[in-house]
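One structure is given here, and the rest of the page talks about it.
In the working numbering, the protein residues as written are 263 to 486.
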């Protein structure tokens with residue numbers, strides 16, 4: 263049984279419908295080598311990631327692009343980027359491995375169990391149509407105790423963002439991401455942060471983070 267079909271899941275298929283239901287690979291075929299949040303918000307993400315991810319760890323950057331927003335002054339063991347546009351991934355200097363993969367078509371990650379020391383989705387979670395399955399897969403490929411950080415702003419491609427995301431405000435969106443963590447059954451209690459550097463003067467930015475459970479060692483449940 264997939265996570266989306268569990269009886270305790272209040273989310274409905276219509277919540278994940280989009281204005282543009284065409285193939286995402288077609289929508290993203292043209293590279294977009296632009297920043298989707300402003301410099302102050304980018305700096306806030308870098309500071310948060312510096313505190314969140316272990317030095318020397320191998321990270322998974324899901325829904326990656328030409329920039330990962332990871333701090334350049336932290337030595338990492340490697341960064342695997344998974345995204346839809348090859349040109350964008352090839353222009354990302356942080357990535358040490360690149361994977362072209364559509365998570366909305368297939369949420370199964372092409373990686374080994376317990377492979378990564380951390381994972382991140384930067385300003386893209388609003389495009390996931392099967393988020394609980396994806397979160398469960400991230401929990402599988404993370405080592406127990408490894409953090410998974412979701413960061414988001416109020417910017418989006420409105421035709422590709424799922425309906426429930428567009429209906430919610432920022433606080434509700436943080437709660438929604440926390441619900442994804444809970445329903446995946448793969449993470450400990452999630453925590454939300456307002457990282458907005460200059461409220462009202464720069465792009466708002468928020469984070470929700472939780473650590474992967476060890477399925478063999480704990481029956482711990484997730485989330486607030």
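Even glycine gets a Cβ: it sits at the ideal position worked out from N, Cα and C.
All values reported here derive from a predicted model rather than from experimental measurement.
Nearest neighbour of residue 385 by Cα position, chosen from 405, 468 and 310, turns out to be 468. For residue 394, the three-state secondary structure derived from DSSP is helix. Contact between residue 446 and residue 397 holds: their C-beta atoms lie close to 4 Å from each other, under 8 Å.
Secondary structure note for residue 468: its beta strand (DSSP E) is the uninterrupted segment 468 to 473. In the DSSP assignment, residue 299 falls outside any beta strand (DSSP E) and carries neither an H nor an E. Judged by DSSP secondary structure, residue 410 falls within the beta strand (DSSP E) whose first and last residues are 409 to 414. Residue pairing by DSSP places residue 362 opposite 345 in a beta bridge.
Residue 406 and residue 449 have their C-alpha atoms roughly 9 Å apart.
Between residue 344 and residue 361, the C-beta gap is smaller than 7 Å, which places the two residues in contact.
With contacts defined by Cβ atoms closer than 7 Å, residue 322 and residue 381 form a contacting pair. For the options 401, 373 and 456, the alpha carbon positioned closest to that of residue 437 is the one of 456. Contact between residue 366 and residue 270 is ruled out by a C-beta separation of about 23 Å, above the 8 Å threshold. Restricting attention to 349, 368, 400 and 389, the CA atom closest to the CA of residue 377 is found in 400. Judged by beta-carbon spacing, residue 282 lies beyond the 7 Å limit of residue 391, meaning their Cβ atoms are not closer than that value. Counting every other CB atom within 10 Å of its CB across the protein chains shown gives residue 303 a total of 16 or more, marking it as buried. Per DSSP, residue 288 is one residue of the alpha helix (DSSP H) stretching across 286 to 289. Judged by DSSP in its simplified three-state form, residue 382 adopts strand.
No Cβ-Cβ contact shorter than 7 Å links residue 440 with residue 423.
Just measuring C-alpha positions, the residue of 474, 458 and 476 sitting nearest residue 309 is 458.
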